[in-house]
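The opening residue of the sequence shown carries number 30 in my numbering; numbering runs sequentially from there.
Where a beta carbon is used, it is the ideal one built from N, C-alpha and C, also for glycine.
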Amino acid sequence: MDIGELRRQHAEIGRTAERLADLTARQDRPEGVGAIRWQLARLLMTHLALEDRILYPALLQAIDADVRAATTTLQLETGTLAERFSLYMTSWSDDRITREWASFCGDTDRVLSALRNRIDREEDTLYPLAEQLKPDTQRISRSA
30 MDIGELRRQH
40 AEIGRTAERL
50 ADLTARQDRP
60 EGVGAIRWQL
70 ARLLMTHLAL
80 EDRILYPALL
90 QAIDADVRAA
100 TTTLQLETGT
110 LAERFSLYMT
120 SWSDDRITRE
130 WASFCGDTDR
140 VLSALRNRID
150 REEDTLYPLA
160 EQLKPDTQRI
170 SRSA
């Protein structure tokens with residue numbers, strides 16, 4: 030797995046999150062909210078599994094102390110996104126979304142804000158550090 034693939038996934042997640050944000054900005058519950066939400070869930074959970082199980086642990090073992098420190102800081106500040114998103118998905122059934130549209134929109138906005146924060150921090154801090162590592166450590170294998 031290379032950082033370019035993670036960046037591509039970020040872009041796809043970002044586009045899907047924007048579609049969900051656009052739908053939840055409306056006062057009425059539009060068709061397609063459920064489908065977009067589940068599409069985002071599939072993309073995000075796959076991506077977070079790669080980062081949280083492979084990328085972050087590999088960077089935490091880097092020789093460079095600055096890389097380890099930045100990874101630790103970022104992990105502590107944004108590392109609960111998978112759990113938070115999972116709770117968001119299980120808390121909001123289609124029926125509840127219909128009944129509590131305004132609350133759902135507010136919760137969606139908070140979750141998407143946390144997602145944008147993590148993506149921005151990884152793009153600005155973590156990925157550049159990973160790309161600066163020696164070429165033999167830049168490509169992080171699934172066996173790491």
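Alpha carbon of Ser170 to alpha carbon of Met118, nearest angstrom: For Ser170, the predicted structure reports a pLDDT of 47, less than 50, and the residue's modelled location is therefore unreliable. The matter cannot be settled from this model.
So Arg150 and Leu103 are supposed to be a Cβ contact under 8 Å. How far apart are they, rounded? 6 Å
Consult DSSP for Asp93 and reduce its assignment to one of helix, strand or coil. coil
Go ahead and pull the three-state DSSP assignment for Asp138. helix
Which residues bound the alpha helix (DSSP H) around Gly33? 32 to 53
For Leu158, which residues of its own chain have a beta-carbon under 6 Å away from its beta-carbon, when the five flanking residues on both sides are left out? Val96, Ala99
Test item: CB-CB of Asp39 and Glu160 under 9 Å: Checking the sequence, you will find His at residue 39 rather than Asp. No.
To which residues of the same chain is Asp136 closer than 8 Å at the C-beta, ignoring the five residues directly before and after it? Tyr117, Ser120, Trp121
Taking the C-alpha atoms as reference points, what is the distance between Ile126 and Arg55? 13 Å
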